[in-house]
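Its first residue numbered 764, the sequence shown is counted upward by one per residue in this note's numbering.
Beta carbons: idealized from backbone N, C-alpha and C, even for Gly.
Read the structure below first, then the notes.
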Amino acid sequence: MLELNKLRSEIDEIDKKISDLIKYRQSLATKIVRAKKNVFPFDPKREKKLLKKILNYGLDPVMTERIWRQIISFNLSRQKIMKIGILDNDKYCLAAFESCFGPYFESKIFKSKLSLLNALNNEKS
Numbered sequence: 764m765l766e767l768n769k770l771r772s773e774i775d776e777i778d779k780k781i782s783d784l785i786k787y788r789q790s791l792a793t794k795i796v797r798a799k800k801n802v803f804p805f806d807p808k809r810e811k812k813l814l815k816k817i818l819n820y821g822l823d824p825v826m827t828e829r830i831w832r833q834i835i836s837f838n839l840s841r842q843k844i845m846k847i848g849i850l851d852n853d854k855y856c857l858a859a860f861e862s863c864f865g866p867y868f869e870s871k872i873f874k875s876k877l878s879l880l881n882a883l884n885n886e887k888s
């Protein structure tokens, strides 16, 4: 039992360090938002390079992508309000959207392509 408590204590210390690093990363992301001056933040090429680099650190690929996608998506949601249109209440499309962008964006379900396109046109007006 003493060894178990020691191991849990070590994990608690690591969790604190990870939390501190995430907080620091968030503060840097906030500075980047200011430096971009309202430039559209979504950069799939940058994300792909970042994920590829992080995967080379030897972590489990599935876990790594899920964690970093959440971090990246949260940062994107702080930079720009994005709305995502989903056609025909497709639960698989919604699941794919959330696995890539996280739950940080407003999503709206459209019953037809025409209603989706009309909504896009109304946003531009």
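Proximity test, residue i beta-carbon vs the ligand FMN heavy atom, cut-off 7 Å
i, result
"I847", "For the structure depicted, the ligand FMN is absent and the ligand set is empty, with no information on it obtainable."
Short Cβ contact (8 Å threshold) for residue i with residue j
i, j, result
"I847", "F864", "yes"
"W831", "I849", "no"
"S878", "L857", "no"
Same chain, Cβ closer than 8 Å to residue i, neighbours up to 5 away in sequence not counted
i, result
"I834", "I785 and R788"
Enclosing alpha helix (DSSP H) for residue i [first to last residue]
i, result
"F860", "K854 to F864"
"K779", "L765 to K799"
"F805", "No alpha helix (DSSP H) contains F805, which DSSP labels as neither H nor E."
"L822", "Per DSSP, L822 belongs to no alpha helix (DSSP H) and is neither H nor E."
Residue i versus residue j - alpha carbon distance
i, j, result
"L814", "F805", "14 Å"
"V825", "A859", "14 Å"
"D823", "K854", "27 Å"
"R771", "Y867", "32 Å"
"E886", "E828", "32 Å"
Range of the contiguous beta strand (DSSP E) that encloses residue i
i, result
"K846", "K846 to L850"
"F873", "E869 to F873"
Neighbourhood of residue i by C-beta distance below 7 Å, restricted to the same chain and skipping five residues each side
i, result
"E810", "I835"
Next on the checklist: Closer than 8 Å is the cut-off here; do at least three beta carbon pairs connect the region 835 to 845 with the region 792 to 802?
Outcome noted: yes
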